[in-house]
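Student: Numbering (our numbering), first residue to last: 110 to 574. Idealized CB from N, CA, C, for every residue including glycine. I'd like to ask some things about the structure below.
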Amino acid sequence: MKKINLIFTALLVPIDYLMIFCAGLGAYYLRVGSFIQEIRPVFFEIDLGEYLTIIAVVGIFFLITFALAGLYSIRRHKGFMHEIGRVFIGCSAALTIIIIVIFFQREFFSSRFIILFGWLFSCVSVMVGRGIIRSIQRILLARGIGLRLVALVGSDPTSEELAGELHKNPSLGIRVAVRYEHFDDDAKKDLHDRVAADRIDDIIVAQRGMPTNEMLPIKECADDYHLGFHYSAGLFEFQSPHIQLETIADVPVVEVLRTRLDGWGKIWKRIFDIVLSFLVMLLLSPIILLVSILIKIDSQGPVIVSLERIGERGKTFKFYKFRSMVKNAHLLKKELLRENDRRDGPLFKIKDDPRVTRVGRLIRKLSLDELPQLWNVFHGDMSLVGPRPHQPDEITNYQRHHKKVLSIKAGATGLAQVSGSSDIPFEEEVALDSFYIDHWSLLSDFKIIIRTILKMLSDGLPLTG
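Take a look at the structure:
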């Protein structure tokens, strides 16, 4: 899922709320205006401040009904007329709730005019707001921004129909970049080249009657390249803990979600990361300043080092840490490889590493060298909780099941770290990270952060690497 599409979906919530609030305010001023009062005088008294509180609460009811009506679905592949219908249903359901509340709480409100026109204005204003958002998206899609490029597999009428509908409806935000009638070795090589050039986001299989033994290699390719995987509904039985039925250009399609962190899960986790990382950086700023001074006094070299790490979908990013080693420590790494303490897997660890400085040993013991990673989290390169950041030379030795840890952002801490730090076997570490990916929730993130703090206080926890 493109990041910009997640942003637009998240923006719908405050925009809808603003439109509803303005609609309620407009209905109020219309009712107390001189034109309507000449027709029917006002027989009720309500303070404007009290009324604003009422519509602020009512707006939440509207958002809840909108969510239940599917108006905040991440994967919106329907036309605007379908969305208008959903808005009407959502506003009407909210109106029904308001009427029920008024019936049981007679003192709550008594102006039927404001209620009726508030509902009418809400329908219109929300439709207008969403129409503006769609117009902006169409402009961006025309420039290739937010466009999902898919590889379509199949040669029967279903794939023909899907390809034709996607071509006729560019506003859906999906473009068929390449079509494979058969997923043979040539197709695999072509797909590899396109992924390397960042020109494929998803694979859609629309070949009815395709045997499972032909389908599974396509799914494995999608997993290897961290691509979205979709197939025609009813095409074959696929066992996955995360599947979602959707409609693309009126063709029913099943999407196999890589993790629970697709869609709104990703949005909530990002909000959690931004807020908490900012607060922690603010709270620990005196410690960050003190560590910076000690490093500068202790040895030559920069205070903060940036290292290349592999994150979500195998993309590289700059990983920040307080420098805890001597200058040019990377030049000594090859000489120390034979002393690698992690012989059960591809990770590189050396006990009592001679490259570590005096201050470096202290800040490593207290995990203070990890503090600059809060900027990685705030910037969006990492998450507070997730698998370890991966070194480029490590992932070349990863097997297929190891690469699952690349399906989400690397974390400053994680389930594997709080379950044994760097001492647990590599395969067990991967299993713990995979379990976290499959069973993610905000509550699990909160629990892991609490466990991290307790472990740091008890014995010092080297978090990432």
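Excluding the five sequence neighbours on either side, which residues of its own chain have a C-beta within less than 6 Å of the C-beta of residue 339, listed in chain order?
Tutor: 313, 362 and 364
Student: Should residue 315 be labelled buried (16 or more other beta-carbon atoms within 10 Å of its own) or exposed?
Tutor: Counting Cβ neighbours within 10 Å, residue 315 comes out buried, since at least 16 surround it.
Student: Suppose the cutoff is 7 Å on Cβ atoms and the five residues either side in sequence are ignored; what does the same chain contact list for residue 527 look like?
Tutor: 557, 560, 561 and 564
Student: Output the distance between the C-alpha atoms of residue 233 and residue 136, rounded to the nearest integer angstrom.
Tutor: 12 Å
Student: Using CA atoms only, rank isn't needed, just tell me which of 385, 113 and 391 is closest to residue 183.
Tutor: Among 385, 113 and 391, the Cα nearest to that of residue 183 belongs to 113.
Student: Work out the CA separation of residue 328 and residue 370 for me, nearest whole Å.
Tutor: 19 Å
Student: From 122, 156, 408 and 466, pick the residue whose C-alpha is nearest to that of residue 138; which is it?
Tutor: Of the listed residues, the one whose Cα sits closest to residue 138 is 156.
Student: Count Cβ pairs between the region 382-391 and the region 482-497 that sit closer than 8 Å; are there 3 or more?
Tutor: yes
Student: According to DSSP, is residue 346 part of a helix, a strand, or is it coil?
Tutor: Confidence at residue 346 is low in this model, with a pLDDT of 49, below 50, so the placement of that residue should be treated as unreliable; the coordinate-derived value is given next. Residue 346: coil per DSSP, three-state reduction.
Student: In angstroms, rounded to a whole number, what distance separates the CA positions of residue 189 and residue 550?
Tutor: 32 Å
Student: What three-state label does DSSP hand residue 499 in the structure shown?
Tutor: In this structure, residue 499 counts as strand in the three-state DSSP scheme.
Student: Could you spell out where the alpha helix (DSSP H) holding residue 292 opens and where it closes?
Tutor: Careful: residue 292 lies outside any alpha helix (DSSP H) and carries neither H nor E.
Student: Please check the pair residue 331 and residue 303, which I expect to be a contact at CB under 8 Å, by giving their CB distance rounded to whole angstroms.
Tutor: That pair is no contact at about 13 Å.
Student: From what residue to what residue does the beta strand (DSSP E) around residue 478 run?
Tutor: It is not in any beta strand (DSSP E) - residue 478 carries neither H nor E in the DSSP assignment.
Student: Please state whether the Cβ-Cβ distance between residue 423 and residue 498 is less than 9 Å.
Tutor: no
Student: Can you have a look at residue 520 and say buried or exposed, based on whether 16 or more other CB atoms are within 10 angstroms of its CB?
Tutor: buried
Student: Suppose the cutoff is 6 Å on Cβ atoms and the five residues either side in sequence are ignored; what does the same chain contact list for residue 129 look like?
Tutor: Taken in chain order, the residues that qualify are 168, 171 and 231.
Student: Taking all protein chains shown into account, do 16 or more other C-beta atoms lie within 10 angstroms of the C-beta of residue 409, making it buried, or fewer, making it exposed?
Tutor: The residue in question, residue 409, is exposed, as its Cβ has fewer than 16 Cβ neighbours within 10 Å.
Student: Specify, as a first and last residue, the run of the alpha helix (DSSP H) that residue 394 falls within.
Tutor: 394-407
Student: Quick check on residue 522: does DSSP put it in helix, strand or coil?
Tutor: strand
Student: Which partner residues does residue 417 have in the DSSP bridge list?
Tutor: 427
Student: Does residue 134 come out as helix, strand or coil in the three-state DSSP assignment?
Tutor: helix
Student: Under the DSSP definition of a beta bridge, which residues are partnered with residue 337?
Tutor: According to DSSP, which records beta bridges pairwise, residue 337 is partnered with 311.
Student: Between which two residues does the alpha helix (DSSP H) harbouring residue 259 extend?
Tutor: DSSP places residue 259 in no alpha helix (DSSP H) but in the uninterrupted beta strand (DSSP E) bounded by 257-262.
Student: Assuming residue 124 and residue 254 make a contact with CB atoms under 8 Å, what is their CB distance in whole Å?
Tutor: With a Cβ gap of about 19 Å, residue 124 and residue 254 do not count as contacting.
Student: By a C-beta neighbour count over all protein chains shown, 10 Å radius and 16 as the cutoff for buried, is residue 310 buried or exposed?
Tutor: buried
Student: At what residue ranges does the region 217-245 contain a whole run of the alpha helix (DSSP H), taking only runs of 4 or more?
Tutor: none
Student: Would you call the CB atoms of residue 334 and residue 291 closer than 9 Å?
Tutor: no
Student: Helix, strand or coil for residue 432, going by three-state DSSP, please let me know.
Tutor: coil
Student: How many angstroms separate the CA atom of residue 281 from the CA atom of residue 275?
Tutor: Whole-angstrom Cα-Cα distance: 7 Å.
Student: Can you give me the start and stop residues for the beta strand (DSSP E) that residue 268 sits inside?
Tutor: Run containing residue 268: none in the beta strand (DSSP E); it sits in the alpha helix (DSSP H), 266-277.
Student: Among all the DSSP beta bridges, which residues are the ones paired with residue 284?
Tutor: 258
Student: Taking residue 157 as part of the alpha helix (DSSP H), name the residues at either end of that continuous run.
Tutor: Its alpha helix (DSSP H) spans residues 157-177.
Student: Please report the Cβ distance between residue 485 and residue 544, rounded to the nearest whole angstrom; I am assuming they are in contact, meaning their Cβ atoms lie under 8 Å.
Tutor: No, residue 485 and residue 544 are not in contact; Cβ-Cβ is about 24 Å, not under 8 Å.
Student: For residue 466 versus residue 415, is the C-beta spacing smaller than 9 Å?
Tutor: no
Student: Going by DSSP, what residue range makes up the alpha helix (DSSP H) through residue 516?
Tutor: Neither: residue 516 is in no alpha helix (DSSP H) and is coded neither H nor E.
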